[in-house]
Structures are given as C-alpha cells and as structure tokens.
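Reading through the structure tokens given below for one structure.
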Amino acid sequence: MTQDHPHDHPHGQTHDPAHPRTAVVTGASSGIGAATARALAAQGFRVVCAARRTDRIEDLAAEIGGEAITCDITDAASVEALAAAVPVCHALVNNAGGAVGVDRVDAADLDAWRWMYDVNVLGLVRVTQALLPSLRASGDAVIVNVGSTAGRWAYEGGGGYTAAKHGVKVVTETLRLELNGEPIRITEVAPGMVRTEEFSLVRFGGDQEKADAVYAGVAEPLLAEDVADAIAWVATRPSHVDIDELVIKPRAQAAAHKVHRA
Ligand code: 8X3
Numbered sequence: 001m002t003q004d005h006p007h008d009h010p011h012g013q014t015h016d017p018a019h020p021r022t023a024v025v026t027g028a029s030s031g032i033g034a035a036t037a038r039a040l041a042a043q044g045f046r047v048v049c050a051a052r053r054t055d056r057i058e059d060l061a062a063e064i065g066g067e068a069i070t071c072d073i074t075d076a077a078s079v080e081a082l083a084a085a086v087p088v089c090h091a092l093v094n095n096a097g098g099a100v101g102v103d104r105v106d107a108a109d110l111d112a113w114r115w116m117y118d119v120n121v122l123g124l125v126r127v128t129q130a131l132l133p134s135l136r137a138s139g140d141a142v143i144v145n146v147g148s149t150a151g152r153w154a155y156e157g158g159g160g161y162t163a164a165k166h167g168v169k170v171v172t173e174t175l176r177l178e179l180n181g182e183p184i185r186i187t188e189v190a191p192g193m194v195r196t197e198e199f200s201l202v203r204f205g206g207d208q209e210k211a212d213a214v215y216a217g218v219a220e221p222l223l224a225e226d227v228a229d230a231i232a233w234v235a236t237r238p239s240h241v242d243i244d245e246l247v248i249k250p251r252a253q254a255a256a257h258k259v260h261r262a
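Put into structure tokens, the structure is as follows:
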C-alpha cells in the first residue's frame with residue numbers, strides 16, 4: 001500500500017491478497033449486481049453473490065472465486081441466513097431492486113407500488129440491519145446503496161418507482177447521520193439510463209418491444225459495467241474518504257426528458 005497519505009492505516013482499502021476483504025452484493029444474478037460482483041472480485045474482494053436465482057449466482061461465484069448464497073431480500077429469515085453466513089463484511093452493495101409498470105398516479109396499481117417499496121426500500125433496510133453487526137466486525141466498512149436518477153427527479157408514469165428511489169436516497173442520508181463516528185461509510189450510487197438485460201423487461205412485464213423502446217435511438221446507454229466500475233471505485237477509496245453520492249448517466253441523457261436519440 002502507498003504510505004504517502006497521512007490517514008492510511010494497515011487495514012485501509014488496499015488489496016492484500018493474504019487477507020481478502022469480503023463484499024456482499026444483493027441482486028447479483030444479473031445486470032449491475034453481477035457486474036459489480038465481477039468488479040469487486042477484480043479488486044481482490046471475496047464476493048458473496050446474493051440473489052433468489054441460485055443457478056445464476058452459483059455460475060457467477062464459480063467464475064469469480066466467490067460464494068453464492070440464495071437470498072430473497074423481502075424475506076426476513078432468508079436475510080438472517082445470509083447475515084449468519086457472513087460474520088465479517090467489509091462492503092455491502094444493496095443493489096437488488098426494480099421497477100414495475102409505468103402507470104400514472106391516478107391509475108396506479110397499489111400492489112405494484114407496494115412491491116417496489118418492499119424491494120427497493122424495505123429490502124435494503126432489512127439487509128442493512130442484518131449485516132450491520134458484520135460490517136461493524138470488519139472495523140472498516142462501506143455500504144453502497146444503488147439508487148437511481150429516479151431518486152432525483154420525477155417523470156410521468158414513474159411515480160411508484162421514483163417514490164421508492166427517493167426513499168433509498170433519504171434512507172442513505174439518514175443512515176450516514178446515524179452511523180457517524182463508526183468506521184462505516186455509506187454511499188448512494190444513482191444511475192440514470194442503464195441498458196441491462198432485465199430492468200426494463202421486468203418493468204414492462206416481459207414485453208421486449210416496450211423494453212427496447214426505452215433505449216431506442218440512444219447510441220450508448222450506460223452498461224452495467226459502467227455502474228459497477230463506479231461502485232468498485234467507491235469501495236476502494238481510502239478509509240477516511242466517504243463518497244456521499246454519485247449520479248451517473250450516459251452522455252446522451254441530460255435529464256429524465258432530455259435524452260438525445262439519433
Ligand atoms: C432507472 C432510471 O429513468 O428508468 O433507475 O427511472 S429510470
């Protein structure tokens with residue numbers, strides 16, 4: 001490790017092959033989660049890949065030399081089992097989440113809104129609560145919550161998702177206040193338009209045509225790897241450096257309604 005920074009200490013965020021740090025990534029079965037697991041493994045973390053789909057995370061864990069733990073973040077027992085399997089955790093990436101539907105508020109499907117709040121906000125809180133003892137046990141931890149530009153701005157048809165992602169932003173800020181004085185940093189990485197295999201497909205109930213239309217004419221939306229790169233950067237800053245938030249969008253996207261399409 002470099003010794004030229006006065007705050008560096010022996011357990012800083014530098015890769016030491018003899019003592020790999022452990023990271024937990026939720027929603028690791030695809031998209032940003034899977035890319036983040038790979039990016040953290042490349043930085044020397046031992047990565048626990050958590051998601052519901054066991055076959056996917058087992059393949060990923062085998063690829064990166066990590067561990068797969070089947071976990072549904074909406075289920076308390078499942079999350080407790082995850083935490084029990086990871087007694088020491090240096091980095092928690094709360095990535096699992098998603099959007100369902102594009103209904104206007106006046107026609108909102110409240111079950112869809114409930115699901116979005118449950119997964120994006122309550123799931124994130126449930127996992128964080130369960131893993132806080134393990135994060136504390138590391139003596140030097142970072143939590144990265146994957147928010148969204150949907151937590152920065154409103155757009156028509158986005159109500160249920162934007163409300164939930166604004167929730168992620170505020171929970172992150174609250175936790176930072178509450179953890180002040182502890183050796184735990186907390187960051188929100190908030191991506192805009194990212195083209196992943198599943199995000200829009202899930203949102204449109206499996207309608208590939210509608211999912212593809214989201215990215216129509218956009219030459220280069222962000223890829224999962226772009227966001228994973230940002231998360232890995234956050235997780236490898238020196239211990240005293242807290243990145244509060246990082247909003248990341250493709251060059252073509254200036255705002256929710258301002259997307260350059262060829
Ligand atoms: C995804 C960004 O614009 O689809 O988190 O809400 S957006």
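Position 243 of the sequence shown, counted from 1, bears residue number 243 in full-length UniProt numbering, the numbering being contiguous throughout.
We put the CB at the ideal spot given by N, CA and C, even for glycine.
Residues sharing a beta bridge with residue i, DSSP
i    : result
E245 : E188
R195 : L223
A23  : V47 and A91
V142 : A91 and R185
K258 : A255
CB contact below 7 Å: residue i versus chain B
i    : result
R251 : The structure shown has no chain B; it contains just one protein chain.
Check whether residue i and residue j have beta carbons under 7 Å apart
i           : j    : result
A35         : C49  : no
A41         : I64  : yes
A190        : G160 : no
S29         : C89  : no
G157        : R104 : yes
T26         : N94  : yes
E182        : E245 : no
A141        : V79  : no
D120        : V168 : Looking at the sequence shown, residue 120 is not Asp but Asn. Going by C-beta atoms, N120 is nearer than 7 Å to V168.
V144        : I57  : no
A37         : V47  : yes
R185        : D242 : yes
residue 268 : T149 : The first residue shown for the chain is 1 and the last is 262, placing residue 268 beyond what the model contains.
P250        : E220 : yes
A85         : I69  : yes
A51         : R203 : no
A76         : Y117 : no
Proximity test, residue i beta-carbon vs the ligand 8X3 heavy atom, cut-off 6 Å
i    : result
A150 : yes
Distance between beta carbons of residue j and residue i, contact taken as under 8 Å
i           : j    : result
A154        : G31  : So it is not a contact: roughly 24 Å between Cβ atoms.
V259        : V234 : Rounded, the Cβ-Cβ distance is 26 Å, inconsistent with contact.
residue 266 : I73  : In the structure displayed, the chain extends from 1 to 262; residue 266 sits before or after that span and is not available.
residue 306 : A39  : Past the edges of the chain, shown from 1 to 262, lies residue 306, and the structure says nothing about it.
L222        : A211 : Between A211 and L222 the Cβ distance is about 16 Å, and since that is not below 8 Å, they are no contact.
Y123        : A96  : In the sequence as displayed, the identity of residue 123 is Gly instead of Tyr. That pair is a contact at about 6 Å.
A137        : P87  : 6 Å
G147        : T172 : 7 Å
R261        : A213 : About 11 Å; that fails the 8 Å criterion.
L179        : T128 : Contact doesn't hold; Cβ gap of about 10 Å is too wide.
Residue i beta carbon near the ligand FAD (any heavy atom closer than 6 Å)
i    : result
R114 : This structure simply doesn't include the ligand FAD; it includes the ligand 8X3 instead.
inquiry  = Suppose only complete runs of 4+ residues qualify. What are the alpha helix (DSSP H) ranges in the stretch 46–87, listed by chain order?
reply    = The stretch 46–87 contains, as complete alpha helix (DSSP H) runs of 4+ residues, the segments 54–64 and 76–85 (chain order).
message = Ignoring anything shorter than 4 residues, give me the alpha helix (DSSP H) runs that lie fully in the stretch 112–172, in order along the chain.
response = Counting whole runs of 4 or more residues, the stretch 112–172 contains the alpha helix (DSSP H) stretches 123–138.
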